[in-house]
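Numbering (my numbering), first residue to last: 215 to 476. Glycine included, every Cβ here is placed at the ideal spot set by N, Cα and C. Remarks on the structure that follows.
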């Protein structure tokens, strides 16, 4: 997703580094995600239909007040603990918890936005494994996710392929982020330039050391610089992922409207 034709310094090794980080993050999110329905093998083992499962195990809890539910869990926990410690399935004194990750949808959304933003940087080509997950926002801010339109100086303006990041009243028409009112454009350009500068400084070290020593880098030297380059990039990914957790909209496409997830 690179529209201005600008030739940027490429870091092809980061494509593999990013794929590894991204897929691990995706797996981590899915592992913590709650189930939407009982697994088929579980229903088969219990000899139950999905309806019977909900009637037996789920709906009785849904009819309880919050206070009653808390009481039931306080009674249920020691009962279950006593049962499982007899079988030595659980160590004595372990704690039973019921966990619901309310943020799984927001985490998945933050990761989707990050994939698009990394592609937007244009510093390497996405691997085929990640390219299939790429969604490109349509008439939507590339940074905060606001879709369709925004209001500027009291006038409603529609997002388009040119107006995608700047939507604040006091911003001037300029590519200089300092001419903007700390809008999404200014925030993104500053982050992009900071990353590009940090990566280029590490990349320049490769050549500086070779020129100074008048020979190619040793494997140990190259490994150290590779690790440093990877760290700069992954630190950026982690920070931008955390920033993307604040985005309240999913990525919309031309035929798929954004969903408000607040």
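Query: If distances are taken between C-alpha atoms only, which option among 459, 445 and 353 comes closest to residue 227?; Result: 445
Query: Mind listing, in chain order, the continuous beta strand (DSSP E) runs of no fewer than 3 residues lying wholly within the region 322-392?; Result: 363-366 and 369-372
Query: My output table needs one value for residue 470: the three-state DSSP class, helix, strand or coil.; Result: strand
Query: Going by beta carbon distance, what residues of the same chain come within less than 6 Å of residue 466, once the five residues before and after it are set aside?; Result: 352, 354, 361 and 472
Query: Is the CB-CB distance between residue 229 and residue 389 below 9 Å?; Result: no
Query: Cα-Cα, which of 457, 236, 463 and 231 is closest to residue 346?; Result: 236
Query: Would you check if the distance between the CB atom of residue 410 and the CB atom of residue 335 is smaller than 9 Å?; Result: yes
Query: Which same chain residues end up closer than 8 Å to residue 475 when comparing Cβ atoms and leaving out the 5 residues on each side of it in sequence?; Result: 319, 320, 323, 462, 463 and 464
Query: On the DSSP bridge assignment, give the partners of residue 265 in chain order.; Result: Answer by DSSP bridge pairing: none, since residue 265 is not bridged.
Query: How about residue 157 and residue 331: do their beta carbons lie closer than 9 Å?; Result: Past the edges of the chain, shown from 215 to 476, lies residue 157, and the structure says nothing about it.
Query: Suppose the cutoff is 8 Å on Cβ atoms and the five residues either side in sequence are ignored; what does the same chain contact list for residue 406 look like?; Result: 335
Query: Helix or strand or just coil, what does DSSP make of residue 463?; Result: strand
Query: Return helix, strand or coil for residue 223, following the three-state DSSP convention.; Result: coil
Query: Just to confirm, are residue 393 and residue 387 a CB contact at a threshold of 9 Å?; Result: yes
Query: I'd like the span of the alpha helix (DSSP H) that includes residue 397, first residue to last.; Result: From DSSP, residue 397 is part of no alpha helix (DSSP H); its letter is neither H nor E.
Query: Might you give, ordered along the chain, the residues of its own chain that have their beta carbon closer than 6 Å to the beta carbon of residue 216, omitting 5 neighbours on each side?; Result: Summary for residue 216: the model assigns pLDDT 45, below 50, so the residue's position carries little reliability, and this model does not support an answer.
Query: Could you check whether the Cβ of residue 282 sits closer than 9 Å to any Cβ belonging to chain B?; Result: Of the protein chains in the structure, only one exists, and it is not chain B.
Query: Can the beta-carbon of residue 477 be found closer than 9 Å to that of residue 385?; Result: Because the chain here runs from 215 to 476, residue 477 falls outside it and cannot be looked at.
Query: How big is the Cα-Cα spacing for residue 325 and residue 442?; Result: 23 Å
Query: Can residue 379 and residue 416 be called in contact, C-beta distance under 9 Å?; Result: no
Query: I need the DSSP call for residue 245, collapsed to helix, strand or coil.; Result: helix
Query: Just the C-alpha distance for residue 287 and residue 272, rounded to the nearest angstrom, thanks.; Result: 14 Å
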